[in-house]
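Converting from the sequence shown to my numbering requires adding 46 to each position, the first position being numbered 1.
Ideal Cβ placement from N, Cα and C applies to all residues, glycine included.
Right, one structure below, let's go through it.
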Amino acid sequence: MNILEADNIIKDYTGHRALDNVTVHVPEGSIYGLLGPNGAGKTTLIRIINHITAPDAGTVSFCGKPLTADSVSDIGYLPEERGLYKKMKVGDQAVFFARLKGLSTKEATVRLKEWFERLEISGWWNKKVEELSKGMAQKVQFIITVLHRPKLLIFDEPFSGFDPINANILKREILKLRDEGATVIFSTHNMSSVEELCDSITLINKSRNILTGRVDDLRQRFCDGNYRLSYNGDTQVLADAIAPFVKDWREAGQPGEIILNLKDDEARRPLIAAANAAVDIKTFESILPTMDNIFIQAVNNTQNA
Numbered sequence: 047m048n049i050l051e052a053d054n055i056i057k058d059y060t061g062h063r064a065l066d067n068v069t070v071h072v073p074e075g076s077i078y079g080l081l082g083p084n085g086a087g088k089t090t091l092i093r094i095i096n097h098i099t100a101p102d103a104g105t106v107s108f109c110g111k112p113l114t115a116d117s118v119s120d121i122g123y124l125p126e127e128r129g130l131y132k133k134m135k136v137g138d139q140a141v142f143f144a145r146l147k148g149l150s151t152k153e154a155t156v157r158l159k160e161w162f163e164r165l166e167i168s169g170w171w172n173k174k175v176e177e178l179s180k181g182m183a184q185k186v187q188f189i190i191t192v193l194h195r196p197k198l199l200i201f202d203e204p205f206s207g208f209d210p211i212n213a214n215i216l217k218r219e220i221l222k223l224r225d226e227g228a229t230v231i232f233s234t235h236n237m238s239s240v241e242e243l244c245d246s247i248t249l250i251n252k253s254r255n256i257l258t259g260r261v262d263d264l265r266q267r268f269c270d271g272n273y274r275l276s277y278n279g280d281t282q283v284l285a286d287a288i289a290p291f292v293k294d295w296r297e298a299g300q301p302g303e304i305i306l307n308l309k310d311d312e313a314r315r316p317l318i319a320a321a322n323a324a325v326d327i328k329t330f331e332s333i334l335p336t337m338d339n340i341f342i343q344a345v346n347n348t349q350n351a
């Protein structure tokens, strides 16, 4: 079941089409990557999902019903541009935002204390917001976003400004939220995070959806026939044995390991048999492309179409 369906969305601003017939279907209980370079249209789509602005054409449904202003209570949104009241104490401000989302002071305080401990900021409860580092402030905003346990969470560039240690803490919590039943839309132009977090993606470039699918399926689809073979034995004997089945090969960084490119998929089985007769095979595995590689190839395919 899809928790969110945005179909054929068009959004125009003066002299600029921000979204051009974009369709996105987000499966319930998944982490969905909304990817693309800055200015591609990701934030515009997020603003439409949050009922901040309306599409000029197309439809959006949430939990099987047309999206309305009332739907927003079931959505938690952490925008890229964030702000807190600098003179307020951190705990007081977090409780204030929690009450705006329908929690009582008592319930909000209990949940907040738990989250502050999980994100290792318990000691900042009585500090003023202006005393927080950027990373600390982002943690507070993350907590405020998830505290009311919405069905859909939308994070726009959530790791911006985080050091690697705190980024990993946030990734751990996002995965945990998904495992507890939340659905997450994760918007970023940083492709490396996608492979760690996302189940499925939509890739937007120049206001258009150019690629959609499960991450694992897309990596297989864009695999270009490269494999890594590790072995014990003589490299030249191996090279002579596999020559009829490969376009080319090269030695990899490790001894007893080569990278090869098959002539076609049908060559895989006879290559393995020939290699196994020539050397002792330890591993034979496909080299899957990174999301950066997939993005570049998808953009090139679109431009050449």
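Residue environment: Gln184 is assigned as buried (16 or more neighbouring CB atoms within 10 Å of its CB, all protein chains considered). For the 9 Å CB-CB criterion, Arg296 and Leu306 form a contact.
Excluding residues up to 5 positions away in sequence, Gly122, Leu199 and Leu223 lie with their Cβ nearer than 7 Å to the Cβ of Val192 in the same chain. Measuring C-alpha to C-alpha distances from Ser276 to each of Ala324, Val261, Thr114 and Asp138 identifies Ala324 as the nearest. If one requires a minimum length of 4 residues, the alpha helix (DSSP H) runs lying completely within the stretch 58 to 96 are 88 to 95, in chain order. Between Arg274 and Glu303 a beta carbon distance of about 7 Å is seen, short of the 8 Å cut, so the two are scored as contacting. Between the alpha carbons of Thr89 and Asp311 lies a distance of about 40 Å. Within the DSSP bridge table, the entry for Gly259 names Ile247 as partners. In the DSSP assignment, Phe143 falls outside any beta strand (DSSP E) and lies within the alpha helix (DSSP H) extending over Val136 to Leu146. In this model, Ala52 and Glu74 are separated by some 14 Å (Cα to Cα). With respect to Phe188, Pro210 sits apart: the two C-beta atoms are not nearer than 9 Å.
DSSP places Phe108 in the strand class (E or B) of the three-state scheme.
With respect to the C-alpha of Pro125, the residue from Gly227, Asp58, Glu177 and Phe232 having the closest C-alpha is Phe232. With respect to the 9 Å criterion, Met134 and Lys174 are classified as neighbours on the basis of their beta carbons.
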